[in-house]
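In our numbering, the protein residues as written are 1194 to 1405. Think of the CB as a built atom: it goes at the ideal place given N, C-alpha and C, for glycine as much as any other residue. These notes concern the structure reproduced below.
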């Protein structure tokens, strides 16, 4: 399988507490107001089976989850998501807005867990096969994002990681943006939520207009 870039696949990425849900809702509203069909989804998840895998991945547990087991579970959920939701929506001309996609595995399992980038590239190419046309990286300092998360209640298994883990995740995300600036656009997510949403909407509208 080859890795192809899907123009109408827009993904939102960022560390914990970056505010992706707020931005996704704002972008969805703007695209829908233009008369486009818009499918909003998330990873891990997006289908019933993938949501079951999400629950398995995020639930705190006594047995440690090996980094490669975590990676393969993430990609198992992603395969279901891509085959059942993403590709069919793109095929009928809809926009797909996804709260996280494969960049998250490069950041969390690659940067955070230290898994080899070559393995991630292979899985992305040979198992997923599709890459977003536009990715908005909501970049927020780790301490700011974690403070937001802690205000929500009990942490899930990944949210409970140490700050050093999330620093590695953030650095990996920023490296992805630096390597592919045409696709990955960085937004300062330490701003108020309304300002972040406005900036994201402006980027998506400009991107949509550029497609003709």
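1) Taking the alpha-carbon of residue 1248 as reference, which of 1376, 1227, 1270 has the nearest alpha-carbon?
2) Classify residue 1194 as buried or exposed, calling it buried when 16 or more other Cβ atoms lie within 10 Å of its own Cβ.
3) Could you tell me if residue 1357 is buried or exposed, where buried requires 16 or more neighbouring beta carbons within 10 angstroms of its beta carbon?
4) Beta strand (DSSP E) containing residue 1198: first to last residue?
5) When you compare the CB positions of residue 1337 and residue 1383, do they come within less than 8 angstroms of one another, or not?
6) My parser needs the beta strand (DSSP E) runs of 3 or more residues fully inside the region 1212-1294; what are they?
7) Kindly confirm or deny that the region 1302-1311 and the region 1218-1232 touch, where touching means at least three C-beta pairs closer than 8 angstroms.
8) Buried or exposed, going by whether 16 or more other CB atoms sit within 10 Å of the CB of residue 1340?
9) On the DSSP letters alone, give me the boundaries of the beta strand (DSSP E) that residue 1323 sits inside.
10) Are the Cβ atoms of residue 1203 and residue 1394 separated by less than 8 angstroms?
11) Use the C-beta contact count for residue 1286: other C-beta atoms within 10 angstroms, 16 or more gives buried, fewer gives exposed.
12) Whole angstroms is fine: what's the gap from residue 1211's alpha carbon to residue 1332's?
13) Using a Cβ-Cβ cut-off of 8 angstroms (strictly less than) and excluding sequence neighbours within five positions of residue 1263, which residues of its own chain qualify?
14) On a CA-only basis, which of 1334, 1326, 1279, 1242 is nearest residue 1399? Give me that one, please.
15) Using a Cβ-Cβ cut-off of 8 angstroms (strictly less than) and excluding sequence neighbours within five positions of residue 1261, which residues of its own chain qualify?
16) Taking the straight line between their C-alpha atoms, what separation do you get for residue 1290 and residue 1226?
17) Hey, quick one: how far does the beta strand (DSSP E) through residue 1381 stretch, first residue to last?
By the coordinates alone:
1) Nearest Cα to residue 1248 within the set 1376, 1227, 1270: 1270.
2) It is exposed - the Cβ of residue 1194 has fewer than 16 other Cβ atoms within 10 Å.
3) Counting other Cβ atoms within 10 Å of its Cβ, residue 1357 stays below 16 and is therefore classed as exposed.
4) First-last of the beta strand (DSSP E) with residue 1198: 1197-1207.
5) Yes, Cβ-Cβ distance for residue 1337 and residue 1383 is below 8 angstroms.
6) With a minimum length of 3 residues, the continuous beta strand (DSSP E) runs that stay inside the region 1212-1294 are 1231-1235, 1288-1292.
7) Not touching, per the Cβ criterion.
8) Around the beta-carbon of residue 1340, fewer than 16 other beta-carbon atoms lie within 10 Å, marking it exposed.
9) Start and end: 1323-1332.
10) Against a cut-off of 8 angstroms, the Cβ pair of residue 1394 and residue 1203 comes out as no contact.
11) Exposed, because fewer than 16 other Cβ atoms sit within 10 Å of the Cβ of residue 1286.
12) Going from the Cα of residue 1211 to the Cα of residue 1332 covers about 7 angstroms.
13) Within the same chain, residue 1263 has close Cβ partners 1250, 1302, 1306.
14) Across the set 1334, 1326, 1279, 1242, the C-alpha of 1326 shows the shortest separation from the C-alpha of residue 1399.
15) Annotation for residue 1261: 1308 place their beta carbon closer than 8 angstroms to its own, counting only its chain and skipping 5 residues before and after.
16) If I take the Cα positions, the gap works out to 15 angstroms.
17) 1377-1381 is the extent of the beta strand (DSSP E) around residue 1381.
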